[in-house]
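Input: a single structure, listed below in structure tokens.
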Amino acid sequence: MVMHASIPPVRVGTRRIGSGEPLFFIAEIGLNHNQDFDMAKQLIDVAAQAGCSAAKFQTFRARDVYIGQNLAGTYHLMGKEIPIYDLHASLEMPEDWVIKLSEYCTKLDIVFFSAPIGQAATEMLLSAGTSVFKISSYECSNLPFVRYVASKGKPIILSTGAATLGEIEAAVLTIQRAGVPLAVMHCLTCYPASFRCANLSVMDTLRSAFEIPVGFSDNGFAYESGKIDDTRVPLAAAQGGADLFEIHITLDRSLPGPDHGFATEPDELKKMVTAMNSVRQEYNDGRRFDIDLELWGSSVKRTYPEEEYVRTFAYKCLFAAKDIDSGKKLTEDNVCILRPGEHPRGIEPKFYDLLIGKAVSKHKLKRWEPITWDAILS
Numbered sequence: 009m010v011m012h013a014s015i016p017p018v019r020v021g022t023r024r025i026g027s028g029e030p031l032f033f034i035a036e037i038g039l040n041h042n043q044d045f046d047m048a049k050q051l052i053d054v055a056a057q058a059g060c061s062a063a064k065f066q067t068f069r070a071r072d073v074y075i076g077q078n079l080a081g082t083y084h085l086m087g088k089e090i091p092i093y094d095l096h097a098s099l100e101m102p103e104d105w106v107i108k109l110s111e112y113c114t115k116l117d118i119v120f121f122s123a124p125i126g127q128a129a130t131e132m133l134l135s136a137g138t139s140v141f142k143i144s145s146y147e148c149s150n151l152p153f154v155r156y157v158a159s160k161g162k163p164i165i166l167s168t169g170a171a172t173l174g175e176i177e178a179a180v181l182t183i184q185r186a187g188v189p190l191a192v193m194h195c196l197t198c199y200p201a202s203f204r205c206a207n208l209s210v211m212d213t214l215r216s217a218f219e220i221p222v223g224f225s226d227n228g229f230a231y232e233s234g235k236i237d238d239t240r241v242p243l244a245a246a247q248g249g250a251d252l253f254e255i256h257i258t259l260d261r262s263l264p265g266p267d268h269g270f271a272t273e274p275d276e277l278k279k280m281v282t283a284m285n286s287v288r289q290e291y292n293d294g295r296r297f298d299i300d301l302e303l304w305g306s307s308v309k310r311t312y313p314e315e316e317y318v319r320t321f322a323y324k325c326l327f328a329a330k331d332i333d334s335g336k337k338l339t340e341d342n343v344c345i346l347r348p349g350e351h352p353r354g355i356e357p358k359f360y361d362l363l364i365g366k367a368v369s370k371h372k373l374k375r376w377e378p379i380t381w382d383a384i385l386s
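Dropping the structure here:
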């Protein structure tokens, strides 16, 4: 394990994330409010009563997530095939919720924050007085958006599921150039994942490479039988020195919605927070634990085959935001960065700045058509 006493902490409101500090425990409510305000408040209650540091949501408009016209494909949920775009539209957080939920969290002395998708969501959170932003794994390689969020001057927590070390480095450098504090989270984009994929030693890799606070974002782990295990990986992460930890929560795993099935229920959450806080205190007092070698795994940051589908499906790329005639230049107005779903992919967002101003040479690009190198270079 890499020692990290010299790494400065990240301040989030009145709390600090880093060496010698209490574990910053994030209850990921995400989409599990099911667009029900009372359920959102109940989930905040659950997080606060369990002793979590923060309650985290996802804030977006469907138009900023997936390409339109239902080209992204469908999601199988509760025995039905639902267009992915429509599913996300049904789970949007209403704008008036943001300030209300933020105030409710303040009342309960728990940090409110969210992972925005798109500039509109970022501004919505900023206007509510957010003290920190989360950049999700699916936005990690979207450098124009990373730069935009970093320009707001708030601390950032960056998730890295399915990202390469090079992509993580590019995002970290983009944020650091803006001069904002940063913590990074090792993560897997498997829902749930198998234990062999945990590779918790990647936390040491990230800490050593970037010299910033590091944690683990847990999307659930399951045995081959399919049984979810809610304790093994969280405790191992705390024993390995995670400065922050995030896990999805739900009122009931049987509720409808894409993220309930692998989330942690209230009684489990309270036990988990208590156990992890105890481990963290012992770690801060100097105790070093015998690590679960299967979970500690390799220090190499890799994308597993189980993650490749999600990476292809949900990592963003470039599309035509409107029809673009041959010979016309690409502009901020006619290029968009979205998740493709099952639609063919375009060029990666890291090339966005390079491509703006280039002319479409091959043929007219229709709206939602992926922008490829062939369309620019032919």
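Everything in the sequence shown is counted per the numbering used here, starting at 9 for the first residue and increasing by one.
Positions of the beta carbon are idealized from the N, C-alpha and C atoms, including for glycine.
Nearest in C-alpha terms to Lys-372, of all of Val-343, Gly-335, Asp-341 and Arg-347, is Gly-335. Annotation for Arg-240: the continuous alpha helix (DSSP H) segment containing it runs 240-247. Taking each of Ala-58, Gln-77, Asn-42 and Gly-38 in turn and checking the Cα distance to Lys-374, the smallest one comes out for Gln-77.
The beta-carbon separation of Leu-85 and Pro-266, rounded to 6 Å, stays under the 8 Å limit for a contact. Using a C-beta cut-off of 8 Å, the region 56-66 makes no contact with the region 286-301, since fewer than three inter-stretch Cβ pairs fall below that distance. In this model, Thr-82 and Tyr-74 are separated by some 12 Å (Cα to Cα). Under the 10 Å beta carbon count, Ala-367 is surrounded by fewer than 16 other beta carbons and is classified as exposed.
Around Ala-244, the same chain offers Ala-206, Leu-208, Ile-299, Asp-300, Leu-303 and Trp-304 as residues with beta carbons nearer than 8 Å, after the five sequence neighbours per side are excluded.
Here Thr-320 carries a helix assignment [DSSP, helix/strand/coil]. Boundaries cannot be given for Leu-39, as no alpha helix (DSSP H) includes it and DSSP labels it neither H nor E. Under the DSSP assignment, Met-284 falls in the alpha helix (DSSP H) whose first and last residues are 274-292.
Secondary structure note for Phe-45: its alpha helix (DSSP H) is the uninterrupted segment 45-58.
Across the set Ser-286, Thr-130, Ser-27 and Ala-136, the C-alpha of Thr-130 shows the shortest separation from the C-alpha of Ile-143.
Between the alpha carbons of Val-343 and Val-180 lies a distance of about 25 Å. Judged by DSSP in its simplified three-state form, Asp-226 adopts strand. In the DSSP annotation of this structure, Gln-77 is not part of any beta strand (DSSP E), being labelled neither H nor E. Within the same chain, Cβ atoms closer than 7 Å to the Cβ of Val-318 are found at Ala-170 and Thr-197, the five residues on either side in sequence being excluded. Here the alpha carbons of Arg-296 and Gln-127 stand approximately 43 Å from one another. Straight across, the Cα-Cα distance linking Ala-35 with Lys-64 is about 6 Å. Partner residues in a beta bridge of Phe-297, as assigned by DSSP, do not exist. Under DSSP, the beta-bridge partners assigned to Arg-23 are Val-20. Rounded to whole angstroms, the gap between the alpha carbons of Val-20 and Gly-137 is 12 Å. Unbroken beta strand (DSSP E) stretches of 3 residues or longer found wholly inside the region 171-231: 190-195 and 222-226, given in chain order. It is roughly 14 Å from the alpha-carbon of Val-119 to the alpha-carbon of Gln-66. Counting along the chain, no alpha helix (DSSP H) covers Tyr-83; the unbroken beta strand (DSSP E) around it starts and ends at 82-85. Cβ contact annotation for Lys-330 (same chain, cutoff 7 Å, sequence separation greater than five): Asn-342 and Arg-375, in chain order. For Phe-141, the enclosing beta strand (DSSP E) stretches over residues 141-143. With distances taken between CA atoms, Ile-255 lies nearest to Gly-38 out of Gly-26, Gly-38, Glu-89 and Pro-348.
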